[in-house]
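Remarks on the structure that follows.
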Amino acid sequence: MKNIYLTFLALADAISPAQMTPGTLDFESKKLLEVIYLNYVNGTALTVSDAMQQKPVGSPATIHRRIDFLRSEGLVEIAYLGKNKRSKYLKPTEAADTYFEDINQALLTALRQ
Amino acid sequence: MFNGRIDTLPLHIKLLIVVLSALIYFESFRLNHFLFSDFQFTQRVHWVYLPGGLRLLLVLLFFDLGVAGIFIGSLMMNYVYFFDGDHVFAVAVSALVAFSAWLTRFLSLQWFDLGENLTGLSLAIIFKMALLLAVLSSLMLQCWFYINGKTSDFLNSFMVMALGKFAGTLIVLSIFSVVLRSLLEMSSIRKKS
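Protein sequence lines correspond, in order, to chains R and B.
Here this note's numbering is used: the first residue of the first sequence is 17, the next is one more, and so on.
Here this note's numbering is used: the first residue of the second sequence is 7, the next is one more, and so on.
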């Protein structure tokens with residue numbers, strides 16, 4: 017389905033990527049953090065290459081920029097896991113734990129109201 | 007309500023897009039002439055050609071409506087500035103200009119594995135598309151000029167024309183990028199205040 021608005025967004029993102037402000041997560045960054053977090057807690061931690069194949073989140077270039085942003089925000093780090101020293105994986109930090117805990121609390125508060 | 011889908015747009019909006027595209031395209035030629043008239047290689051061949059860049063933007067954003075706008079804008083340009091009594095030549099040039107833009111979009115979707123709404127687009131792919139449009143359009147036009155005996159040096163004219171269109175595309179995309187950034191900054195300033 018040909019859509020002018022979606023086309024404009026794709027073009028705008030390619031030419032002038034959205035400026036990500038420190039302290040705020042845009043939609044793609046949130047989605048990517050969720051994917052990284054869920055895979056990590058399920059024991060299938062992602063490498064950077066794995067993450068860049070997550071098409072529902074965005075194009076590889078977009079995901080790469082978002083990974084850099086999540087690292088700069090201290091929500092994700094790249095680290096060896098266990099005894100495997102051949103590959104580095106994306107690992108959520110304690111700040112990411114706090115982030116999801118905050119969302120959980122907000123959800124609970126909303127449900128109580 | 008406008009949902010962005012081309013097929014659901016009312017006819018008057020479609021016409022408006024075509025007319026605006028044609029006018030913007032035509033005016034970009036006048037602007038190009040005003041700014042870069044010293045950079046003209048021969049008649050119709052420029053070292054910097056802004057309408058070439060606008061062509062890419064229009065066909066990417068507005069699909070077939072953009073192509074129609076380019077065709078009409080190019081017709082206006084040919085009849086106002088270059089008409090020498092040959093209607094077939096003027097219409098054919100405009101058709102080639104519009105067709106090369108349509109073909110660039112069509113081939114780019116196939117070759118660069120883009121979605122219909124340009125999902126997967128990156129800056130690198132835009133550069134490739136700009137280059138493809140510059141080469142296709144210049145090749146088609148120079149062939150037509152050559153057949154009609156209106157180019158004395160096919161190879162040089164083709165190369166200068168392609169370079170001019172590529173340079174024009176980079177300038178137009180840079181302006182588009184600057185405008186987008188300014189709008190984003192203005193919107194973030196408004197949110198903060």
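Just so you know, even glycine gets a beta-carbon here, dropped at the ideal spot from N, CA and C.
In this text the structure is predicted, and so the values were computed from the model without any measurement.
What residues of chain R sit near residue i, judged by a beta carbon separation below 9 Å?
| i | result |
| --- | --- |
| Phe68 of chain B | Ile20, Thr23 |
| Arg61 of chain B | Per Cβ cutoff of 9 Å: no residues; Arg61 of chain B is ~14 Å from chain R at best. |
Is it buried or exposed for residue i, if we count other Cβ within 10 angstroms and need 16 for buried?
| i | result |
| --- | --- |
| Gln148 of chain B | buried |
| Glu110 of chain R | exposed |
| Arg102 of chain R | exposed |
| Met192 of chain B | exposed |
| Asp29 of chain R | buried |
| Leu124 of chain R | exposed |
| Gly59 of chain B | buried |
| Thr110 of chain B | buried |
| Lys99 of chain R | exposed |
| Glu89 of chain R | buried |
| Tyr21 of chain R | exposed |
| Ile31 of chain R | buried |
| Val103 of chain B | buried |
Taking only beta-carbon atoms, is residue i less than 8 Å away from chain R?
| i | result |
| --- | --- |
| Ile19 of chain B | no |
| Leu124 of chain B | yes |
Suppose the cutoff is 6 Å on Cβ atoms and the five residues either side in sequence are ignored; what does the same chain contact list for residue i look like?
| i | result |
| --- | --- |
| Met7 of chain B | Residue placement at Met7 of chain B is poorly supported in this model, since its pLDDT is 46, which falls under 50; the coordinates still yield a value, given next. The answer is none, since no qualifying residue turns up. |
| Phe151 of chain B | Thr157 |
| Ala173 of chain B | Val54 |
| Ala168 of chain B | Ala140, Val141, Ser144 |
| Ile12 of chain B | Phe69 |
| Ile23 of chain B | Phe68, Leu71 |
At the 8 Å Cβ level, is residue i part of the contact set with chain B, yes or no?
| i | result |
| --- | --- |
| Ala26 of chain R | yes |
| Ser45 of chain R | no |
| Ser88 of chain R | no |
Give the interface partners of residue i over in chain B, defined as CB-CB distance under 8 Å, in chain order.
| i | result |
| --- | --- |
| Ile31 of chain R | Leu129, Ile132, Leu179, Phe182, Ser183, Leu186 |
| Ser65 of chain R | Those do not exist, as Ser65 of chain R stays about 17 Å from chain B at its closest Cβ, beyond 8 Å. |
Suppose the cutoff is 7 Å on Cβ atoms and the five residues either side in sequence are ignored; what does the same chain contact list for residue i look like?
| i | result |
| --- | --- |
| Phe95 of chain B | Asn154 |
| Phe35 of chain B | Pro57, Met83 |
| Tyr53 of chain R | Pro108, Ala112, Phe116 |
| Val73 of chain R | Glu44, Lys47, Leu48, Val51, Ile79 |
| Lys20 of chain B | Leu71 |
Which residues in the same chain as residue i place their Cβ atom closer than 8 Å to its Cβ, once the five residues preceding and following it in sequence are excluded?
| i | result |
| --- | --- |
| Leu37 of chain B | Leu56 |
| Ile131 of chain B | Ser114, Phe118, Leu120 |
| Val92 of chain R | Leu49, Ile52, Ile83, Leu86, Leu106, Lys107, Pro108, Thr109, Ala112 |
Residues of chain B with CB under 7 Å from residue i, in chain order?
| i | result |
| --- | --- |
| Ser75 of chain R | Gly126, Ser128 |
Just to confirm before moving on: does the CB-CB distance between residue i and residue j stay below 8 Å?
| i | j | result |
| --- | --- | --- |
| Leu27 of chain R | Leu124 of chain B | yes |
| Ser128 of chain B | Val99 of chain B | no |
| Phe88 of chain B | Arg50 of chain B | yes |
| Thr136 of chain B | Leu41 of chain B | The question names Thr, yet the displayed sequence has Ala at residue 136 of chain B. Contact: no. |
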